[in-house]
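From first to last, the protein sequence lines are chains C and L. Counting with this note's numbering, you get residues 1 to 311 for the letters of the first sequence. Counting with this note's numbering, you get residues 312 to 654 for the letters of the second sequence. Here a beta-carbon is modelled for each residue, glycine too, at the ideal position from N, C-alpha and C. Since the model is a prediction, treat every value here as computed from it, not as a measurement.
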Amino acid sequence: MTAVIDEPARTSGRWAAPPRPAWEEPPGRAGLAGKGLVLFLACLAILFPLWIVVVTSLSSRRAIDEAGGLVVIPKSITFVAYQELLSGGQVTRAAVISVLVTAVGTLFSMAVSVLCAYGLSRSGSLGHRWILMLLLATMFFSAGLIPTYLLVQSLGLTDSYLALILPSAISVFNILVLRGFFMNISQELIDSARIDGAGDVRILWQIVMPLSRAVIAVITLFYAVGYWSAWFNASLYLNDQDMLPLQNVMIQLVQKQEAPVGLGQAIKTGELSGLAVQMAVMVMALLPVAVLSPFVQKHFKKGMLTGAVKG
Amino acid sequence: MSHSTVPRTDTEAEAKENPPAAHGAAGAPRKRRAGKLGLRARFRRDRVLLLMTLPAVLLVLVFNYVPILGNVVAFQEYDPYISDNGVVSILHSPWVGLENFQRIFEDSAFWNAVRNTLVLFFLQLVLYFPIPILLALLINSVVRPRVRAIAQAVLYLPHFFSWVLVIAVFQQLFGGAGILSQLLRAHGYDGLDIMTDPGTFKFLVTAESVWKDAGWGIIVFLAALASVSPDLYEAAAMDGAGRWRRMWHVTLPALRPVIALLLVLRVGDALTVGFEQILLQRDAVGPGAAEVLDTFVWWNGVRNQDFGYAAAAGLVKGVISLGLVLAANKVAHLMGEQGVYKK
């Protein structure tokens, strides 16, 4: 048992520290300030670059020229770069492709993973140990880039969006996390549903899945982020420029400094800042992730821990 | 799916095959009865479950197991132009035995890639590995829940950014036209371009990894810390231990198993260092500094179309990696940890 004394709250509301146990000495000023400083700097190191990117993408050509490059303090806000990028052309198409591939891919990955995780979660079912071994073994080796490349080509997936989805559709780790969760659902609940006449499909859909909302949210985010961030498969298997997703267009734009098709003229004639266009594409790539992940983050710890593999 | 058979219960399926066992066993967990059922009865009972695992099993077989066979091109003079279909090309390519492997071991570019891989691995071990631990200790000592929540939200964020984005962000900071150069030039110095400097490339790569994933890495340590019993702290405090001694004698021992496990697993993965990350920057820095084993395979295979050669290099890496992972797991087991799989 820990003894707890009432410490008068220094500040009110949700910022207040919870009461300390009696044996714990209150932090010194220097310690508190030091901790705060380190945390502040760590957060700054992450947020400052993002701030610059967002602000520059929203700056007019004049503001960018005045700053001599990237803008730190916003002066005039304009959405020209986004308007240009989203008014059709290569970047718009790439964004739409990325959204569609992410949506379809995530749905497919989740369906396959949830079904597999449930199929393996009922202990004592026929062959579940063998199947588990089959999946687990893939965590120890990979067949290698070249044979995989040759396989995808032989399957005729080159220049098809399936090449972006199928080869990396499931992650064994994610399946194991889901399975760990499903196995923790009380057996009595499932048995009673079975006695009431529910089959496995119905049990999964109406009992197991609603009870596992937290972990399903986490795994969905993992898969979605995976599809959204992927560029390598597209660079390997897609030869058609018009099929490239957003990340690959960003590589061309930011790394190789190639202006997107259709915008090169506007940049040359000076209506548009090339830098603002680059930053706007970067914002388009980071925005969905930055907006979605905080909502799921309270479940992260739980999800990662149930990931501990149970044979 | 087999909805037609929905009012199927275990008892029913069992009753058909094995009537006597059905009574009294109703509602008992599957495990207990599994042994008594014949294979066919178990198949009937579990066919829906098996059907559910089928798509995943197929995907794994096709995309993880079938390509293993494709490694035979490492022993061939593989000619991609024989046919549009890789399998046909494999069947008609001439065999060369171990010639590709011989070439690899005589290739200085390969050894350069090995050296770069190992240097990067050790650098990441020293400069990257301790950071999440320190950050976790720091976050854990913050009492105010709101401060904790905000700091964690910010620290986790970059993990979800793509490597393309992370490298683009670094380019805006440290590249030739980046904010650092901008600042230097504004104060009369020469601008500098860290992004294309082969000399500092390994530090740049490590810094990028830290920025992207160090915050995410604290999760597992925070979980370990949350499971420490407060009684231990209280008892230590009663014995006169101050906050530093409590950290040394209670907190750190609690982290030790996790640290050891992660360290072992990381060593097992030593030959794989940030493929996507390095591939994206390979052109800017040049292969001398930026080539690692994975990019070596990519360059020779996908770019130079020297498939047999690249597959041989990939195979060498894969075999050594497999050995390392298995050894690492063994060590984890010896330390009494679970590793990736159970003993």
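Exercise. Should C/A143 and L/I379 be called a contact, given that it needs their Cβ atoms to be closer than 8 Å?
Worked result: yes
Problem set entry | Assigned secondary structure, C/I344 (DSSP; H/G/I helix, E/B strand, else coil) | Here chain C covers residues 1 to 311 and nothing more, so residue 344 of chain C does not appear.
For this session: Would you check if the distance between the CB atom of C/D159 and the CB atom of C/N239 is smaller than 8 Å?
Result: A contact, by the Cβ cut-off of 8 Å.
Exercise. Hey, would you say C/I175 sits closer than 8 Å to C/S113, going by beta carbons?
Worked result: yes
Problem set entry | Test: C/L211 CB closer than 8 Å to a CB of chain L | Taking Cβ atoms only, chain L never reaches closer than 8 Å to C/L211, which makes this a no.
Exercise. Can you tell me where the alpha helix (DSSP H) with L/D524 in it begins and where it stops?
Worked result: F512 to A537
For this session: With DSSP as the reference, label L/P391 as helix, strand or coil.
Result: coil
Exercise. Given that L/W422 touches chain C, what residues does it touch there, using C-beta distances under 7 Å?
Worked result: In chain order: nothing, as chain C lies at least about 20 Å away.
Problem set entry | Residues that DSSP places opposite C/I77 in a beta bridge | Paired residue(s): C/S59.
For this session: Apply the 10 Å Cβ neighbour rule to L/Q463 and answer buried if 16 or more other Cβ atoms are within range, or exposed otherwise.
Result: buried
Exercise. What does L/Y467 reach in chain C if we use C-beta pairs closer than 9 Å?
Worked result: S293, P294, Q297 and F300
For this session: Since I believe L/G526 is in contact with L/Y467 (beta carbons under 8 Å), could you give me their beta-carbon distance rounded to a whole number of angstroms?
Result: 5 Å
Exercise. Between C/R93 and L/L635, what straight-line distance do the alpha-carbon atoms span, to the nearest angstrom?
Worked result: 44 Å
For this session: Measure the C-alpha to C-alpha separation of C/A16 and C/L37 and round it to an integer number of angstroms.
Result: 19 Å
Exercise. Taking DSSP as the reference, what is the three-state secondary structure of L/W406?
Worked result: strand
Exercise. If we ignore side chains and look at the alpha-carbon of each, how far apart do C/F295 and L/D550 end up?
Worked result: 43 Å
Exercise. Rounded to a whole number of angstroms, what is the C-alpha to C-alpha distance between C/V218 and L/D504?
Worked result: 38 Å
For this session: Out of C/M279, C/K35 and C/A290, state which residue places its alpha-carbon closest to the alpha-carbon of L/V453.
Result: C/K35
Problem set entry | Proximity of C/V208 and C/Y118 at Cβ, strictly below 8 Å | Taking C-beta atoms as the reference points, C/V208 and C/Y118 count as a pair closer than 8 Å.
Exercise. Does DSSP put C/E322 in a helix, a strand or coil?
Worked result: Since the first residue shown for chain C is 1 and the last is 311, residue 322 of chain C is missing from the structure and cannot be characterised.
Exercise. In chain order, what residues of the stretch 175-192 of chain C put their CB closer than 7 Å to some CB of chain L?
Worked result: I175, Q187 and D191
Exercise. Who are the Cβ neighbours of C/T56 in its own chain at under 7 Å, not counting the five residues just before and after it?
Worked result: I64, L70, V71, L275, A276 and M279
For this session: Decide if L/A601 is buried, meaning its Cβ has at least 16 other Cβ atoms within 10 Å, or exposed.
Result: buried
For this session: Compute the beta-carbon to beta-carbon distance between L/Q387 and L/G625, rounded to the nearest angstrom, for a pair I have assumed lies under 8 Å.
Result: About 14 Å separates the two Cβ atoms, so there is no contact after all.
Problem set entry | Nearest-angstrom beta carbon gap, L/K513 and L/A434 [assumed within contact, 8 Å] | Note on identity: in this sequence residue 434 of chain L is Leu, with Ala being the wrong assignment. So it is a contact: roughly 5 Å between Cβ atoms.
For this session: Check whether the stretch 550-562 of chain L touches the stretch 605-623 of chain L, counting contact only when three or more Cβ pairs, one atom from each stretch, lie closer than 8 Å.
Result: Taking a cut-off of 8 Å for Cβ pairs, the stretch 550-562 of chain L and the stretch 605-623 of chain L do not touch, as fewer than three such pairs fall below it.
For this session: Return the Cβ separation of L/L476 and C/M284 in integer angstroms, given the expectation that the two are a contact with Cβ distance under 8 Å.
Result: At roughly 10 Å, the Cβ-Cβ gap does not stay under 8 Å, so L/L476 and C/M284 are not in contact.
Exercise. Going by the beta-carbon positions, is the gap between L/G528 and L/M506 smaller than 8 Å?
Worked result: no
Exercise. What is the DSSP secondary structure of C/F232, reduced to helix, strand or coil?
Worked result: helix
Exercise. Excluding the five sequence neighbours on either side, which residues of its own chain have a C-beta within less than 8 Å of the C-beta of L/M646, listed in chain order?
Worked result: Once the five neighbours on either side are set aside, the close Cβ partners of L/M646 are P568, A571, L572 and V575.
Exercise. Any chance the stretch 227-247 of chain C sits against the stretch 124-137 of chain C, with 3 or more Cβ pairs inside 8 Å?
Worked result: no
For this session: Below 8 Å CB to CB, which residues in the same chain sit around L/G335 once its five sequence neighbours on both sides are set aside?
Result: For L/G335, the pLDDT reaches just 41, beneath the cut-off of 50, and the residue's location in the model is therefore unreliable, leaving the point undetermined.
Exercise. Quick one: which chain L residues come within Cβ less than 8 Å of C/I219?
Worked result: Going along chain L, no residue has its Cβ under 8 Å from C/I219, so there is no contact; the nearest lies around 13 Å.
For this session: Report the three-state DSSP secondary structure of L/H498 (helix, strand or coil).
Result: coil
Exercise. Mind pulling the chain L residues with CB within less than 7 Å of C/F141?
Worked result: G629 and L633
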